[in-house]
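Take a look at the structure set out below.
Numbering (the working numbering), first residue to last: 26 to 316.
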């Protein structure tokens, strides 16, 4: 019985070798699941018939160390500092089921992607990703005006949350002998920059006139007018061999504004309830009764 099986197997091997690689894989493809080829070698059916071997260059077993290592797929790390964008996804919904929210904020429940697209087109609205970390993900119907307002709010929020490295610094320089009208224009420009949360580097240069005003006095005058909006981040310093004075202004923080408002409030001069009156404050009727 064994010899008969061996003869039929040799015939299959020779037939596969003569007809090509496709026929070999068709008849003996199951051997690739059992054996692992060490190195590719040319097929020689005559040698197989003579030696009685099924295959050349095979190994019947292998260890775990010899198995090829499969590298795990690395997940793309999300950048927490990346700017978020709000926009219309249209028909490009990668999920089969989503949680729909109407333009008024009402929960429309779980629905298929096809139904969500149909509702979006019937109402002539935009479809925006609301939350993708839920199961199923949440999408919201919005108008073009609502998307614009949300984008504006998001930009303002990102500006406020940006670190000190993103602070924009403006520069302004003028002579100490500047005319009053020109100085007023400079002060208005400084006030506008401070309102936009900019830092301003002010440089006051010595006046070209011998008896002109001192640069320090002019700088202190500017700082005094802006004391309710800004403060010097450091003491004014002289530059260019004493020919100029430089100071960097920054907007007041929330705590500093609160403290300034508290200090500027007038003290309550009203007497507390229940204080005893003096004799001079008593009414004349009480004096008559006593007399």
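Positions of the beta carbon are idealized from the N, C-alpha and C atoms, including for glycine.
Unbroken beta strand (DSSP E) stretches of 3 residues or longer found wholly inside the region 144-212: 151-156, 163-167 and 194-200, given in chain order. DSSP, read as helix, strand or coil, puts residue 132 in strand. CA-CA distance, residue 287 to residue 252, rounds to 15 Å. Going by C-alpha positions, residue 174 is about 23 Å away from residue 117. A distance below 7 Å between beta-carbons, with the five flanking residues on each side excluded, links residue 229 to the following residues of its chain, in chain order: 199, 201, 240, 243, 244, 269 and 270. Shown here, residue 142 sits in a helix according to DSSP, grouped into three states. Beta-bridge pairing by DSSP links residue 272 to 227. A direct Cα-Cα distance of roughly 53 Å separates residue 127 from residue 259. Around the C-beta of residue 219, 16 or more other C-beta atoms lie within 10 Å, and the residue is accordingly described as buried. For residue 287, the enclosing alpha helix (DSSP H) has its first and last residue at 279-289.
Taking the CA atoms as reference points, residue 210 sits about 10 Å from residue 204. Between residue 222 and residue 162, the C-beta spacing is not below 8 Å. The beta carbons of residue 168 and residue 143 sit no closer together than 8 Å. Cβ atoms of residue 125 and residue 136 come within 8 Å of each other, at about 6 Å. Per DSSP, reduced to three states, the secondary structure at residue 220 is helical. Under DSSP, residue 262 takes part in a beta bridge, and its partners are 271.
For residue 166, the closest C-alpha among the options 179, 149 and 197 is that of 149.
With a cutoff of 8 Å on beta-carbon distance, residue 273 and residue 257 are scored as near each other. By the 16-neighbour rule on beta-carbons within 10 angstroms, residue 38 is buried. Here the alpha carbon of residue 114 sits roughly 52 Å from the alpha carbon of residue 207. In the three-state reduction of the DSSP assignment, residue 214 falls in the helix class. In this structure, the alpha-carbon of residue 130 lies about 15 Å from that of residue 141.
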